[in-house]
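As you go down the protein sequences, you meet chains A and B in turn.
For the first sequence, the working numbering begins at 967 and goes up steadily by one.
For the second sequence, the working numbering begins at 881 and goes up steadily by one.
For reference, the structure is listed below as C-alpha cells.
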Amino acid sequence: MNETFLIGGMFAVTFSVRYILFAMAGKVKFPPWLNRALEFVPPVVLMAIIAPNVTMPKGELWLSPLNPWLIASVIAVITALIRKDLLTTIVVGMLTFAGLRFGLGM
Amino acid sequence: MSSQCPRGEQSQSPRHTEFFAGASATVPLLVGAAPFGIIFGTLAEPNGLSALGAIAMSLIVFAGASQFIALGLLAAGASIPIIIATTFIVNFRHILYSANLVAKVRHLPHHWRALMAFGLTDETFAAVNNRYQAQGNLQQAHWFYLGSFLAMYSNWVFCTYIGLTLGNIFPQMQNWGLDFAMSVTFLGMVVPYLKTRPMLVAVLVAAVLAVVSHDLPHKLGLLLSAFSGIAVGLSLMMLGNRNNKPQVSQ
C-alpha cells in the first residue's frame, strides 16, 4: 500500500540521518564547507515550499495586493521580525488571512 | 497511566529527577508544537493521507516539518520517491544536532543511542543542550533526554489525533485557509534565520526559483531551488570569508 511505503521511506531516511553519527560515535568529521552548507538547509527548503504556495495559490502567479495569501504572508514576516515569537506570528498571520479572505471577501 | 519505579527503586532516584526535569524543561516548547500537531491532523485527510496514515506518520516518522511537507507534496501529486527524498533533505539538519550531541552519548549502549536518535527534534535538542551547558554530569543525563523526548512525542501524537477529530467534526475546516497555516508557520520558522546577507540571498534565490520552476514534474523544482539557494548562499559566505571584509550594512 502506498502509505506504507511513504511512511516507511520517510522513517528510514529520517532515522538514518538522526542515528548515523550516534551509531558511529563521532568517528566521522564533515569538511567545513559541508557544515556551512547544512546551515542553509532549513530556511532555504522551507522558503522553496512557501513561495509557490503564497504567490500562486490558485495555480497561476498572482502578485497583487488583492492576494490574501501574499498580503498575510507579508504581515506575518513583519510580525516575526518584531515579536520573534512563532506562536504570535502564526496567530497574527492566520487572523490577517481570515480577515482578508472572509471578512473582506478577497 | 503513570508508571512508577519499575525496579522498586526510591522515587527520588536521580533518574526520576532527571526524567521529570527533562519533561518539565520541555513544557514551554510543547505549547509551540501543539498547534502545529493539531494543524497537521486537520490537514491530513483533505490532503490525501488517511487518518491511520496520519497517526502512523506521527508515531513512526516523528518529524514535524517534513510531515507537513509530505502533506503538501501529496496534495500536489508528487511521487513517493520525491516525498522521501525531500524528507531526507529537510531532516538532514538533524545531523548537525547529532554531531553536537555525540560526545555526550558516546558512553551509552547502542539501544539507548538509537532511542535518543529517534527522539531527536529541534525542541528536544534545545532542551537537552541547555541541560548539558548547565551541568556537565553525564551519569543520568540520558534520562533527562528521555523525559524531554517522551513529552514531545506524546504531545505530537495526541495533537495529531485532536486535529484529525476536529477535521472530522468540521469537515469544511479545509476551506478555512488552514493550508495557509502551514505557510505562515514555515515563514515564522524562516525569519529568525535571516540574519546574514548570504542567508537572505539564499532564501530569496530559492523563493524565486521555486516559483519559476513550479511546473516541473514531481516537484523537482523544490529540490532544484533548494540546492541552488544553498549553492549561492555558500558561495557568498565563502567569498565574504576570503575577502575578510567587514560586512556592508546597507
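No residue lacks a Cβ here, since even glycine has one placed at the ideal position from N, Cα and C.
Chain A contact for residue i (CB, 7 Å cutoff)
| i | result |
| --- | --- |
| residue 938 of chain B | no |
| residue 1035 of chain B | no |
| residue 1076 of chain B | no |
| residue 1065 of chain B | yes |
| residue 1112 of chain B | no |
| residue 1071 of chain B | yes |
| residue 886 of chain B | Reliability fails at residue 886 of chain B, whose pLDDT of 47 lies under 50, so the model's placement of it is uncertain and the value that follows must be treated cautiously. Taking Cβ atoms only, chain A never reaches closer than 7 Å to residue 886 of chain B, which makes this a no. |
| residue 959 of chain B | no |
| residue 982 of chain B | yes |
| residue 1123 of chain B | no |
| residue 895 of chain B | no |
| residue 976 of chain B | yes |
Boundaries of the alpha helix (DSSP H) in which residue i is found, first to last residue
| i | result |
| --- | --- |
| residue 1030 of chain A | Unbroken run through residue 1030 of chain A: none, as it is neither H nor E. |
| residue 1043 of chain B | 1021-1049 |
| residue 1002 of chain B | 1002-1014 |
| residue 949 of chain A | Because chain A is modelled from 967 through 1072, residue 949 of chain A falls outside the range shown and cannot be assessed. |
| residue 1120 of chain B | 1100-1123 |
| residue 927 of chain B | Segment: none, residue 927 of chain B is in no alpha helix (DSSP H) and carries neither H nor E. |
| residue 1052 of chain A | 1052-1064 |
| residue 947 of chain B | 944-955 |
Chain B contact for residue i (CB, 7 Å cutoff)
| i | result |
| --- | --- |
| residue 969 of chain A | yes |
| residue 997 of chain A | no |
| residue 1032 of chain A | no |
| residue 976 of chain A | yes |
| residue 1016 of chain A | yes |
| residue 1040 of chain A | no |
| residue 973 of chain A | yes |
| residue 1037 of chain A | no |
| residue 984 of chain A | yes |
| residue 1004 of chain A | yes |
| residue 987 of chain A | yes |
| residue 1070 of chain A | no |
| residue 1012 of chain A | yes |
Whole-angstrom C-beta distance between residue j and residue i, which should lie under 8 Å
| i | j | result |
| --- | --- | --- |
| residue 1004 of chain A | residue 972 of chain B | 7 Å |
| residue 907 of chain B | residue 1021 of chain B | Not confirmed; about 19 Å, so no contact. |
| residue 1074 of chain B | residue 1081 of chain B | At roughly 10 Å, the Cβ-Cβ gap does not stay under 8 Å, so residue 1074 of chain B and residue 1081 of chain B are not in contact. |
| residue 1023 of chain B | residue 902 of chain B | 7 Å |
| residue 1009 of chain A | residue 1091 of chain B | About 16 Å separates the two Cβ atoms, so there is no contact after all. |
| residue 1018 of chain B | residue 924 of chain B | Their Cβ separation, rounded to whole angstroms, is 39 Å, which puts residue 1018 of chain B and residue 924 of chain B out of contact at 8 Å. |
| residue 909 of chain B | residue 929 of chain B | In fact, because the Cβ distance is near 25 Å, the residues do not count as touching under 8 Å. |
| residue 975 of chain A | residue 960 of chain B | 7 Å |
| residue 1087 of chain B | residue 1014 of chain A | 7 Å |
| residue 967 of chain B | residue 950 of chain B | 6 Å |
| residue 1042 of chain A | residue 1059 of chain A | 3 Å |
Local conformation of residue i per DSSP, three classes
| i | result |
| --- | --- |
| residue 1070 of chain A | coil |
| residue 1077 of chain B | helix |
| residue 887 of chain B | Here the model assigns residue 887 of chain B a pLDDT of 46, short of 50, so the residue's position is not dependable, and the following value carries that caveat. Coil. |
| residue 1017 of chain B | coil |
| residue 1064 of chain B | helix |
| residue 1096 of chain B | coil |
| residue 970 of chain B | helix |
| residue 997 of chain B | helix |
| residue 1025 of chain A | coil |
| residue 1038 of chain A | helix |
| residue 855 of chain B | Given a span of 881 to 1130 for chain B in the structure shown, any question on residue 855 of chain B remains unanswerable. |
| residue 978 of chain B | helix |
| residue 987 of chain B | coil |
| residue 881 of chain B | Only weak support is given to the placement of residue 881 of chain B: the predicted model assigns it a pLDDT of 42, under 50, and the value that follows is read from those uncertain coordinates. Three-state result, residue 881 of chain B: coil. |
| residue 1083 of chain B | helix |
| residue 938 of chain B | helix |
| residue 1128 of chain B | Its pLDDT being 49, under 50, residue 1128 of chain B is placed unreliably by the model, and the measurement read from it follows with that caveat. Residue 1128 of chain B: coil per DSSP, three-state reduction. |
| residue 893 of chain B | coil |
| residue 1018 of chain A | helix |
| residue 997 of chain A | coil |
Listed by chain order, chain D residues near residue i by CB distance under 9 Å
| i | result |
| --- | --- |
| residue 1061 of chain A | Protein chains in the displayed structure are A and B, and chain D is not among them. |
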